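Start counting the sequence shown at 31; every next residue gets the next number (the working numbering). Quick reminder that beta carbons are idealized off the backbone N, C-alpha and C, glycines included. If you're wondering where the values come from, they're calculated on a predicted model, not measured in any experiment. Notes to accompany the following structure.
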Amino acid sequence: MSELLTSRTFRGGGELGERIKSHDWYGTLGLIEDWPQSLKTAVQIMLTSRQPIWIGWGPDLTYLYNDPYKTIIGDKHPWALGRPTKDVWREIWRDIGPMLAHAMGGEEGTYVEEQLLIMERSGFREETYYTFSYTPITDETGRTNGIFCANTDDTQRVVGERQLTLLRELAAAGSESRTLKEVSESNARALATNPRDLPFAYVYLAEPDGKTLSLVSSTHGSDHPAAPDTVALDEPSPWPFPNVIGEQTSCLLDNIQERFGPVFPTGGFWTEAPTRAVLIPIPARGETGRRGVLVAGLNPFRPFDDGYRGFLTLAAGEIAASLANAQAYEEERRRAEALAEVDRAKTLFFSNISHEFRTPLTLMLGPIEEILAKPVDRVFADNRALVQVAHRNSLRLLKLVNSLLDFSRIEAGRAHASYTATDLAALTSDLASNFQSACTRAGLRLIVDCPPLPETVFVDREMWEKIVLNL
Numbered sequence: 031m032s033e034l035l036t037s038r039t040f041r042g043g044g045e046l047g048e049r050i051k052s053h054d055w056y057g058t059l060g061l062i063e064d065w066p067q068s069l070k071t072a073v074q075i076m077l078t079s080r081q082p083i084w085i086g087w088g089p090d091l092t093y094l095y096n097d098p099y100k101t102i103i104g105d106k107h108p109w110a111l112g113r114p115t116k117d118v119w120r121e122i123w124r125d126i127g128p129m130l131a132h133a134m135g136g137e138e139g140t141y142v143e144e145q146l147l148i149m150e151r152s153g154f155r156e157e158t159y160y161t162f163s164y165t166p167i168t169d170e171t172g173r174t175n176g177i178f179c180a181n182t183d184d185t186q187r188v189v190g191e192r193q194l195t196l197l198r199e200l201a202a203a204g205s206e207s208r209t210l211k212e213v214s215e216s217n218a219r220a221l222a223t224n225p226r227d228l229p230f231a232y233v234y235l236a237e238p239d240g241k242t243l244s245l246v247s248s249t250h251g252s253d254h255p256a257a258p259d260t261v262a263l264d265e266p267s268p269w270p271f272p273n274v275i276g277e278q279t280s281c282l283l284d285n286i287q288e289r290f291g292p293v294f295p296t297g298g299f300w301t302e303a304p305t306r307a308v309l310i311p312i313p314a315r316g317e318t319g320r321r322g323v324l325v326a327g328l329n330p331f332r333p334f335d336d337g338y339r340g341f342l343t344l345a346a347g348e349i350a351a352s353l354a355n356a357q358a359y360e361e362e363r364r365r366a367e368a369l370a371e372v373d374r375a376k377t378l379f380f381s382n383i384s385h386e387f388r389t390p391l392t393l394m395l396g397p398i399e400e401i402l403a404k405p406v407d408r409v410f411a412d413n414r415a416l417v418q419v420a421h422r423n424s425l426r427l428l429k430l431v432n433s434l435l436d437f438s439r440i441e442a443g444r445a446h447a448s449y450t451a452t453d454l455a456a457l458t459s460d461l462a463s464n465f466q467s468a469c470t471r472a473g474l475r476l477i478v479d480c481p482p483l484p485e486t487v488f489v490d491r492e493m494w495e496k497i498v499l500n501l
């Protein structure tokens, strides 16, 4: 009968079912057939579940787990089977020990979400996040004698969400800033929001001569030993910038502490300084884009896998886009300023030349008007006719010069109108009648359809005259 119950306990248990059944439990849990029914039931539930689960039983919380849990325990499988829980998870015991003691001390279990645990299960200390519960298991006497723990690995989701948040911050930095200085400062602030994946970050941008890189963004601020303000590509440097810029490929560096000394921070999120960094090329974007390099310190508790590399490549792409937009904006602003300067020079030229034209015209009109003011018998009739022609054309030329001066004033924003009450219909008809003789000579009939208005209108007569005469 006991063999039948034992067989049912391990039915469908896969590899761990066979390992538990064949394991020597003499010095820990005793013979399987002598296990309390509550333990057998818990083991049966664990082995048939597709969720990662482990069970700790007895005063040492002797460790049992199922097949799905192998991905969590990593290289500790199968060594961990039958070991005390404290030995299995010595590196995180400070985190989980108090919770286990609480669950073992009474009838109430514990539950945590997205708990950060720095595990060592693959040959290095690794940042992980788990949602799990510690549920007490009681024996036949009603005493709590074990723990049932169901786990959900949230690591990829938590890391992915914070990396996506950083990419959104970089995109916002590029859209909200205009100048290269503003974008660079915004990028530095955005990169500093994720110290877990970027313990430090520097952005270098190639100068137009292609021989020098300049530091434009840094999460350390300025004057850091590992981040000089400028780097000559033809001179030795601890960072392999020429290879990254020239080949447009990333470069992973180990043991950066040996290259620079203990200069990297430990006061961020992690208590350990980064030991590795990667250089990611920043591609040129647009007509004015310049190449660059993103120097990124790596999380000391994450492997630099394809996902990590892809995240940093996307970050470099966002930085490239924001820098290209800023450079295009500055180039457009420089062109606009150059055009504005040309326009100001043109306006100043027109204003000056108009004044220069007016001076000799005034000197010409003065004597002519004096001659015309004299009695007719004092001036020969034929000479008077010539003087009248000169006077009339001088007035016409003066009007043209005044128009040129008015244009320059309008361009400079200094034009002022002088409004007077005017019979607008009569003024318009009178101005249009000046073209009557020209139309008649050309065989045309001039029709001025301008009916009288019920009241006067305030207009600048000279400006209105210019409008009508230029129609």
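Residue i versus residue j - alpha carbon distance
i           : j           : result
residue 231 : residue 278 : 18 Å
residue 347 : residue 205 : 14 Å
residue 508 : residue 308 : A question about residue 508 goes unanswered here, because the residues of the chain that appear run from 31 up to 501.
residue 264 : residue 368 : 35 Å
residue 55  : residue 124 : 27 Å
residue 491 : residue 201 : 56 Å
residue 84  : residue 93  : 7 Å
residue 100 : residue 258 : 46 Å
residue 330 : residue 164 : 29 Å
residue 287 : residue 299 : 18 Å
residue 140 : residue 270 : 50 Å
residue 451 : residue 210 : 55 Å
residue 477 : residue 455 : 14 Å
Residue i vs residue j beta-carbon contact at 8 Å
i           : j           : result
residue 251 : residue 294 : no
residue 234 : residue 245 : yes
residue 345 : residue 324 : yes
residue 159 : residue 188 : yes
residue 356 : residue 208 : yes
residue 242 : residue 261 : yes
residue 91  : residue 114 : yes
residue 229 : residue 275 : no
residue 315 : residue 283 : no
residue 173 : residue 226 : no
Same chain, Cβ closer than 6 Å to residue i, five either side skipped, listed in chain order
i           : result
residue 289 : 268
residue 167 : 68, 72, 176 and 178
residue 470 : none
Environment of residue i [buried if 16+ CB atoms lie within 10 Å]
i           : result
residue 52  : exposed
residue 31  : Confidence at residue 31 is low in this model, with a pLDDT of 40, below 50, so its placement is unreliable and no value can be given for it.
residue 497 : exposed
residue 194 : exposed
residue 301 : exposed
residue 27  : Nothing can be reported for residue 27, as the shown portion of the chain is limited to 31 through 501.
residue 249 : buried
residue 154 : exposed
residue 97  : buried
Proximal residues to residue i (C-beta, below 7 Å), its chain only, five neighbours per side dropped
i           : result
residue 103 : 95, 110 and 151
residue 273 : 281
residue 144 : 159, 161, 184 and 188
residue 65  : 59
For residue i, the first and last residue of its enclosing beta strand (DSSP E)
i           : result
residue 87  : 83-87
residue 247 : 242-248
residue 155 : 155-168
Own chain, CB closer than 8 Å to residue i, minus 5 neighbours either side, in chain order
i           : result
residue 238 : 320
residue 181 : 81, 82, 83, 84, 99, 102, 160, 161 and 162
residue 488 : 449, 450, 451 and 452
Boundaries (first-last residue) of the alpha helix (DSSP H) holding residue i
i           : result
residue 191 : 185-206
residue 221 : 210-221
residue 45  : 44-52
residue 10  : With the chain running from 31 to 501 in the structure shown, residue 10 is simply not present.
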